[in-house]
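Undergrad:
Residue numbers (the numbering used here): 1298 to 1670.
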């Protein structure tokens, strides 16, 4: 892994145009555009090139809750409290097709990596899969017993992960439509979930202020971060798989080094809750949105990867400060996290194990798994 440069993440652009809280952000594949949705019922498409005009898309009859560019960047999907999903052509005309996807608020919308299908999640407690072409309903996943806040396809498109107010994260097989596993470790509603770029791990954010990382194959809890002082609303993996960024109601964004199992940066940009965060497809930028109606674009200044380079995408190690449990509670020592308001000169020392010890432990745990089976 390339060591992060000493330069800190920096605020690059500031977009103002929404008239209510920003709920979601997503970058296009080429990072030329950034889409955002808001409680003001509109979508904005911002040009990353300075002095370019933004597009405002109207059509939803209530708050826009989620937005996602198709892998090609030629389409943009949005979901809303009006129970519909709209598929937009992100150009000047802003044409869209609309379909009623659920019987309650649509919380999440995500394209499969092949662009052929779309997964949606809703307060009607279901996860649904649709064909992108003509928005044909394919099937429903119905085991959650409360609102489903988020659903994502795995990078290879074979699995779906969902997060719910029933305090579980569920992993589904797309072909058999079976629930493979339920992760029940969260102490509150689970607000957001996503796959690691390697597809081998999943990270989930919760109202219990925590972020948890599980192995999607063994279902073992790998890492547990308790760094925020309020609900964690969203998270995003850096495309290298080495970093995770979180957005919280404590108004901060935090960047975690997954390989070291530690906090790298705390960013103070938003006035009030930070509601959403997303890395660009190359990891060069990340965008955040908040209840303060602002969309901010930050330059990462670390580990820029070639999007096609899969070799860099290692899953996070089994980190533990004690070396026994594959779990990590990380309270922040005072003055240790590097904040944009006051950046400490000294980088924080690592509080996890060396890579060799980690892989030995993983091997031992793997052997134990075989024995117990």
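Even glycine gets a Cβ: it sits at the ideal position worked out from N, Cα and C.
Please read all numbers here as calculations on a predicted model, not as lab measurements.
What's the C-alpha gap between residue 1461 and residue 1530?
TA: Counting from one through the chain shown, the residue named residue 1461 turns up at place 164. Counting from one through the chain shown, the residue named residue 1530 turns up at place 233. Approximately 13 Å between the Cα atoms of the pair.
Undergrad: Hey, would you say residue 1483 sits closer than 8 Å to residue 1464, going by beta carbons?
TA: To locate residue 1483, count along the chain shown from 1; it is residue 186. To locate residue 1464, count along the chain shown from 1; it is residue 167. A contact, by the Cβ cut-off of 8 Å.
Undergrad: Residue 1621 by DSSP, collapsed to three states: which one?
TA: Taking the chain shown and counting its residues from 1, one reaches residue 1621 at position 324. For residue 1621, the predicted structure reports a pLDDT of 28, less than 50, and the residue's modelled location is therefore unreliable. The matter cannot be settled from this model.
Undergrad: Are the beta-carbon atoms belonging to residue 1477 and residue 1424 less than 8 Å from one another?
TA: Taking the chain shown and counting its residues from 1, one reaches residue 1477 at position 180. Taking the chain shown and counting its residues from 1, one reaches residue 1424 at position 127. The answer is no: Cβ separation not under 8 Å.
Undergrad: For residue 1539, report the span of its beta strand (DSSP E) as first-last.
TA: Your numbering for residue 1539 matches position 242 in the chain shown. Neither: residue 1539 is in no beta strand (DSSP E) and is coded neither H nor E.
Undergrad: List the residues that DSSP assigns as beta-bridge partners of residue 1390.
TA: What you label residue 1390 is simply residue 93 of the chain shown in a count that begins at 1. Paired residue(s): none; residue 1390 is not in a bridge.
Undergrad: Residue 1565 bridges to which residues according to DSSP?
TA: Reading the chain shown from its first residue, position 268 is the one you call residue 1565. For residue 1565, which the question treats as bridged, DSSP gives the partners 1549.
Undergrad: For residue 1310, which residues from the same chain have a beta carbon less than 6 Å from its beta carbon, with the 5 sequence-adjacent residues on both sides left out?
TA: The residue given as residue 1310 occupies position 13 in the chain shown. Around residue 1310: 1594.
Undergrad: Excluding the five sequence neighbours on either side, which residues of its own chain have a C-beta within less than 6 Å of the C-beta of residue 1717, listed in chain order?
TA: The requested residue 1717 is not part of the displayed model; the chain covers only 1298 to 1670.
Undergrad: Would the beta-carbon of residue 1486 fall within 8 Å of that of residue 1533?
TA: The residue given as residue 1486 occupies position 189 in the chain shown. The residue given as residue 1533 occupies position 236 in the chain shown. Result no, Cβ atoms of residue 1486 and residue 1533 do not sit closer than 8 Å.
Undergrad: Relative to the C-alpha of residue 1497, which candidate in 1513, 1368 and 1318 has its C-alpha closest?
TA: Counting from 1 along the chain shown, the entry for residue 1497 is found at position 200. Answer by Cα proximity: 1513.
Undergrad: Which residues bound the beta strand (DSSP E) around residue 1429?
TA: Mapped onto the chain shown, residue 1429 falls at position 132. Note, residue 1429: premise wrong, no beta strand (DSSP E); not H, not E.
Undergrad: With a threshold of 7 Å (Cβ to nearest heavy atom), would residue 1386 be considered close to the ligand MN?
TA: Of ligands this structure carries none, so the ligand MN is not represented either.
Undergrad: Assuming residue 1326 and residue 1393 make a contact with CB atoms under 8 Å, what is their CB distance in whole Å?
TA: For the purposes of this step, residue 1326 is taken as the residue at position 29 of the chain shown. For the purposes of this step, residue 1393 is taken as the residue at position 96 of the chain shown. The pair is not a contact, with the Cβ atoms about 19 Å apart (cut-off 8 Å).
Undergrad: Select from 1504, 1437, 1340 and 1436 the residue whose C-alpha is nearest the C-alpha of residue 1356.
TA: Position 59 of the chain shown, counted from the first residue, corresponds to residue 1356. With distances taken between Cα atoms, residue 1356 lies closest to 1340.
Undergrad: Would you say residue 1312 and residue 1367 are within 8 Å of each other, going by their C-beta atoms?
TA: Here residue 1312 refers to the residue found at position 15 of the chain shown. Here residue 1367 refers to the residue found at position 70 of the chain shown. Contact flag unset, no.
Undergrad: Tell me the rounded alpha-carbon separation between residue 1359 and residue 1557.
TA: As a working mapping, residue 1359 is identified with position 62 in the chain shown. As a working mapping, residue 1557 is identified with position 260 in the chain shown. Whole-angstrom Cα-Cα distance: 42 Å.
Undergrad: Going by DSSP in three states, residue 1400 sits in which element: helix, strand or coil?
TA: On the chain shown, position 103 is the one that residue 1400 refers to. Residue 1400: coil per DSSP, three-state reduction.
Undergrad: For residue 1489, which of 1590, 1317 and 1321 has the nearest alpha-carbon?
TA: Walking along the chain shown from the start, residue 1489 turns up at place 192. The residue with the shortest Cα to Cα distance from residue 1489 is 1321.
Undergrad: Using CA atoms only, rank isn't needed, just tell me which of 1451, 1403, 1449 and 1472 is closest to residue 1435.
TA: As a first step, residue 1435 is located in the chain shown; it is residue number 138 there, counting from the start. Among 1451, 1403, 1449 and 1472, the Cα nearest to that of residue 1435 belongs to 1472.
Undergrad: Could you tell me the alpha carbon to alpha carbon distance between residue 1438 and residue 1474, rounded to whole angstroms?
TA: Your numbering for residue 1438 matches position 141 in the chain shown. Your numbering for residue 1474 matches position 177 in the chain shown. Rounded to whole angstroms, residue 1438 to residue 1474 spans 7 Å at the Cα level.
Undergrad: If you draw a straight line from the C-alpha of residue 1444 to the C-alpha of residue 1418, how long is it?
TA: As a first step, residue 1444 must be located in the chain shown, where it is residue number 147. As a first step, residue 1418 must be located in the chain shown, where it is residue number 121. Rounded to the nearest angstrom, the two C-alpha atoms are 8 Å apart.
Undergrad: To which residues of the same chain is residue 1605 closer than 8 Å at the C-beta, ignoring the five residues directly before and after it?
TA: Your numbering for residue 1605 matches position 308 in the chain shown. Because the pLDDT of residue 1605 is 42, which lies under 50, any placement of that residue in the model is unreliable, and the number read from its coordinates should be weighed accordingly. Excluding residues within five positions, none has a Cβ falling inside 8 Å.
Undergrad: Short of 7 Å in beta carbon distance, which residues of its chain neighbour residue 1391, apart from the five on each side in sequence? Order them along the chain.
TA: Numbered from 1 along the chain shown, position 94 holds the residue referred to as residue 1391. 1352, 1354 and 1385.
Undergrad: State the Cα-Cα distance for the pair residue 1334 and residue 1373, rounded to the nearest angstrom.
TA: In the chain shown, residue 1334 corresponds to position 37, counting from 1. In the chain shown, residue 1373 corresponds to position 76, counting from 1. For residue 1334 and residue 1373, the distance between alpha carbons rounds to 11 Å.
Undergrad: I'd like to check one pair, residue 1555 with residue 1524: are the Cβ atoms closer than 8 Å?
TA: Position 227 of the chain shown, counted from the first residue, corresponds to residue 1524. Position 258 of the chain shown, counted from the first residue, corresponds to residue 1555. Taking 8 Å as the Cβ cut-off, residue 1524 and residue 1555 do not qualify as a contacting pair.
Undergrad: Are the CB atoms of residue 1493 and residue 1500 within a distance shorter than 8 Å?
TA: Residue mapping note: residue 1500 aligns to position 203 of the chain shown, counting from 1. Residue mapping note: residue 1493 aligns to position 196 of the chain shown, counting from 1. Yes, Cβ-Cβ distance for residue 1500 and residue 1493 is below 8 Å.
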